[in-house]
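Asks: Just so you know, the sequence shown maps onto residues 55 to 237 in the numbering used here. Quick reminder that beta carbons are idealized off the backbone N, C-alpha and C, glycines included. For clarity, every value in this text was computed on a predicted model and none was experimentally measured. Okay, here's the structure, questions in a sec.
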Amino acid sequence: MATASIVRCTKCAKNAGTITCEGCSAKFCRRCFDNHRQDLSKELDNIVYEHDMLKQELEKPNENGTHPLLKQIDNWRKESIDKINQLADRCRTDVVKLIDDNKNQLVDRFRKITNTIRDSRSDENYDDRHLKMWITQLKELKDELIKPSNVHVEVDKQQPSWIQKIIVREGSHQQEEVNDSKL
């Protein structure tokens, strides 16, 4: 006599597996099948919740500055400005020192002119040529005070740009990684 083999429930292994789930192909008893369906229903509820959250995000208008890519650009901008400010502060300090040194030299030259003018005045030893010379010397000192001839601010064209330029590209991250690995 042939005995019929009974397929047991995949979940509880106690009862006969009389119902087959089309999705996972597992055989369940009636009670376990109902529990399996409840589990599937809960998973579907979670999927619907995730769906609704994504739908809200997609329907939300773009707000300036909230997207991670926009934040990345803002961070680059801030870091670049910080670098510029640091360099500008160092250059200002250097210029102030050079201007002070230049001013000290101008003060020495001014004292010499002052002493010459006083001596010439007290001795009444001057003429038109002296007056023109002194006015020219004073004008030169004044010009040198306003715009020192030995101090210049210029762009160092020999140095590569120390602020890295950013670019925006369209494409997938995987594509960029492949392109980067070829470099």
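(1) Using beta-carbon positions only, say whether V205 and N156 come within less than 8 Å of one another.
(2) Would you kindly work out how many angstroms separate the C-alpha atoms of L98 and E133, rounded to a whole number?
(3) What residue does the alpha helix (DSSP H) around C86 start on, and which one ends it?
(4) Should the region 55 to 74 be regarded as contacting the region 85 to 93, the criterion being three or more beta carbon pairs within less than 8 Å?
(5) Contact criterion: CB-CB distance below 8 Å. Does K109 meet it with respect to chain C?
(6) From the DSSP output, in three-state form, read off R62 for me.
(7) From the DSSP output, in three-state form, read off K81 for me.
(8) By DSSP's criteria, T190 is part of a beta bridge. Which residues make up the other side?
(9) Which residues bound the alpha helix (DSSP H) around D181?
(10) Tell me, to the nearest whole angstrom, how far the beta carbon of A70 is from that of C78; I am working on the premise that it is less than 8 Å.
(11) Measure the C-alpha to C-alpha separation of K166 and W188 and round it to an integer number of angstroms.
Replies: With the structure as the only source:
(1) yes
(2) 46 Å
(3) R84 to E113
(4) yes
(5) Absent here is chain C; the protein component of the structure consists of one chain.
(6) The three-state secondary structure of R62, taken from DSSP, is strand.
(7) strand
(8) Paired residue(s): none; T190 is not in a bridge.
(9) Here D181 belongs to no alpha helix (DSSP H), and DSSP marks it neither H nor E.
(10) That pair is no contact at about 18 Å.
(11) 11 Å
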